[in-house]
Amino acid sequence: MKHYGLLGGKLGHSLSPQIHELFFKYTGIEGDYTLLETTQEDLPKRMEELRANYAGSNVTIPHKLHVMPLLDSITREAKAIGAVNTIKFDENGAEGYNTDYFGFGRMLEYNNIDVRAKRVAVLGTGGAARAVVKYMVDKRVGKLYLVTRDVAHVDKDFLKIAPKCKFIDYDGLAALTGDVIVNCTPVGMYPKVNAAPVTPEEISNFDAAVDLIYNPKQTLFLKQAAEAKMQTVNGLFMLVAQAVAAQEIWQGEKYDSELIVKIMQDLEQTI
C-alpha cells in the first residue's frame with residue numbers, strides 16, 4: 006500500500022482525507038492519506054521523511070512557497086504561479102506541481118465556460134487568484150481585470166503571470182461589463198457568510214459567476230448572481246478536481262469527470 010498525505014499547518018478542518026479516501030474507494034486503488042501537520046522549522050526534516058516513505062503529498066498553507074527550495078524539480082505552471090500544492094516522490098526525486106491550475110480549468114470545462122477571447126474579472130489578488138490568472142492567460146483570455154482594494158500595493162508577481170492584465174479597484178468595477186466574474190476572496194465564507202465582495206448590480210454586468218468558495222454551497226455572491234439569471238458555479242468541483250489531478254500525477258492515469266462528480270456528490274452530504 007502506498008502512502009500519501011497533506012503537508013500544512015493547522016489541518017483539523019481539511020476535507021482532503023475524505024476526498025482521497027473516496028477516490029481510493031471508487032478506483033479500488035490501495036492507498037492511505039494522512040494529515041501531516043508541520044511547522045516551517047520542521048519542514049526540511051518532514052520532507053526527508055516523505056521522500057523515504059511516501060509516494061506523494063499535497064501541500065497547503067503555509068508551506069506552498071516554503072517547500073519549493075526543498076524540491077528537485079518544479080513544473081512550468083507551478084513556477085509561474087509561484088506555489089506548489091502537490092509533490093510526487095519517485096526514483097527521480099521530489100517534483101512539485103500546482104493542481105489548483107488544473108482543477109480550476111477542469112471546473113470551467115465541465116460547466117462549459119470558455120474564457121478564450123472573453124472579458125473576465127477576478128476579485129482578489131491573494132494566493133488563490135494566482136492559479137486562476139495563470140489558467141486564464143494560458144487559455145488566451147481576451148481582457149483580464151484584477152480587482153483589488155489597493156492597486157498601488159498589488160503583488161507585482163501578477164504582472165509576470167499576466168503582463169497585459171489591468172488592475173482596478175472595487176470602485177472601478179461598477180463601470181465594467183464582461184463575460185465571467187470570479188471570486189477569489191474569502192468574502193462569503195464563515196464568518197462572513199452574509200457578505201458579498203461586490204454589489205448585485207456589479208455582478209449582473211457579467212454572464213457567469215464563479216466562486217472558489219464551496220462552503221456554504223451558495224454564497225451571497227452566487228445567490229445574487231442566480232437572482233440575476235446568471236450561470237453560477239461554486240468551488241466544490243474545483244476542490245475535488247485538484248485532488249483527482251494530484252492522483253493522476255501519482256498514479257500515472259487519467260480519470261474522467263464522472264469520478265469527480267461522484268466524489269463531489271458524496272462530499273455534499275457532509276458539508
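Read in order, the letters of the sequence shown are residues 6 to 276 in this note's numbering. Every residue gets a Cβ at the ideal spot worked out from N, C-alpha and C, and that includes glycine.
Would you list the one or two residues that DSSP bridges to I268?
DSSP output for I268 lists no bridge partner at all.
Is the segment 9-18 touching the segment 54-64, taking contact as three or more C-beta pairs under 8 Å?
By the Cβ test, the segment 9-18 is in contact with the segment 54-64, since at least three Cβ pairs between them sit closer than 8 Å.
Does the distance from the CB of L138 to the CB of V127 come in under 8 Å?
First, the amino acid is wrong: residue 138 is Val here, not Leu. Result yes, Cβ atoms of V138 and V127 sit closer than 8 Å.
Coil, strand or helix - N188 by DSSP
strand
Assumed close pair Y150, I166 - CB separation to whole angstroms, cut-off 8 Å
At roughly 14 Å, the Cβ-Cβ gap does not stay under 8 Å, so Y150 and I166 are not in contact.
Measuring CB to CB, does M112 end up less than 8 Å from F211?
no
Can you tell which of T91, K267, E82 and T182 has the C-alpha that lies nearest to the C-alpha of R135?
E82
Keeping to the same chain, check which residues put their C-beta closer than 7 Å to that of Q256; ignore five residues upstream and five downstream.
I34
In the structure shown, what three-state DSSP assignment does N58 receive?
N58 falls in the helix class under three-state DSSP.
What separation, rounded to the nearest whole angstrom, lies between the Cα atoms of P74 and I92?
Roughly 13 Å between the two C-alpha positions.
Find out if the Cβ-Cβ distance for the pair G101, L76 is shorter than 8 Å.
yes
Through-space distance from V72 to G14, alpha-carbon basis:
Here the alpha carbons of V72 and G14 stand approximately 13 Å from one another.
Could you tell me which of L225, G87, F94 and V187 sits nearest to K161, measuring between CA atoms?
G87
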